[in-house]
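Peer 1:
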Amino acid sequence: MSKLGNLKPKAGSKHKRKIVGRGDGSGLGGTSGKGHKGQKARSGGKIRWGFEGGQMPLARRNPKFGFKNTNFKTTYEIINLTQLSKLDGTVTPETLSQLGLVKKGEPVKVLGNGELSKALTVKAHKLSASAKAAIEKAGGSVEVLEFSKKREPKAQTANQGK
């Protein structure tokens, strides 16, 4: 049985650090494994990633394609039927934000994960087909709200227009 005081790494798993430039007898003297002259033998002689010796690099030879406009992407706050089943009456994005379930002012999407046993009036910006069916099956109603993210105008400064 091995003891903590006798533990050693597996033979051959650890390599000794190579010390270069300390004489020919070490095997790494003279040019220290860098060969003779040239950019790569000099200090700071690294070539940047992707450099192909002046040839047009691969990233510039290939065409550009695709675009994702993440600045104007609409991200929805997700709420499931399991969370809605704990509420009563009419459920709106405002009531959900007051309860801390979603962020204030963000659009809400209702997903059909879970069961709903009571009738609720749900007002949301988007609903999955399964969520809509489950709400209507429980005797509730669904209202889809419009959402347009209005951009705030930049604050007027005293120097503007001069």
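Numbered as in numbering that gives the first Met the number 0, the sequence shown ends at 161 without a single skipped number. Each residue gets a CB set at the ideal place from its N, CA and C atoms; glycine is no exception.
#1: Distance check for R16 and A10, CA to CA, integer angstroms please.
#2: Out of curiosity, what's the CA-to-CA distance linking K148 and A133?
#3: Locate the beta strand (DSSP E) running through S1, then write down its first and last residues.
#4: Would you check if the distance between the CB atom of A130 and the CB atom of A118 is smaller than 7 Å?
#5: Going straight from the alpha carbon of G22 to that of S31, what length do you get?
#6: In angstroms with no decimal places, state the Cα-to-Cα distance between D87 and E145.
#7: So, does the segment 83-98 touch the segment 51-64, judging by three or more C-beta pairs under 8 Å?
#8: Straight-line CA distance for F71 to P106?
#9: What are the start and end residues of the beta strand (DSSP E) that includes L110?
#10: If you draw a straight line from the C-alpha of L6 to the C-alpha of I18, how long is it?
#11: State the DSSP-derived secondary structure class of L126, mapped to helix, strand or coil.
Peer 2: A quick look at the data gives this:
#1: 16 Å
#2: 29 Å
#3: No beta strand (DSSP E) holds S1; DSSP gives it neither H nor E.
#4: no
#5: 9 Å
#6: 23 Å
#7: no
#8: 13 Å
#9: 107-110
#10: 27 Å
#11: strand
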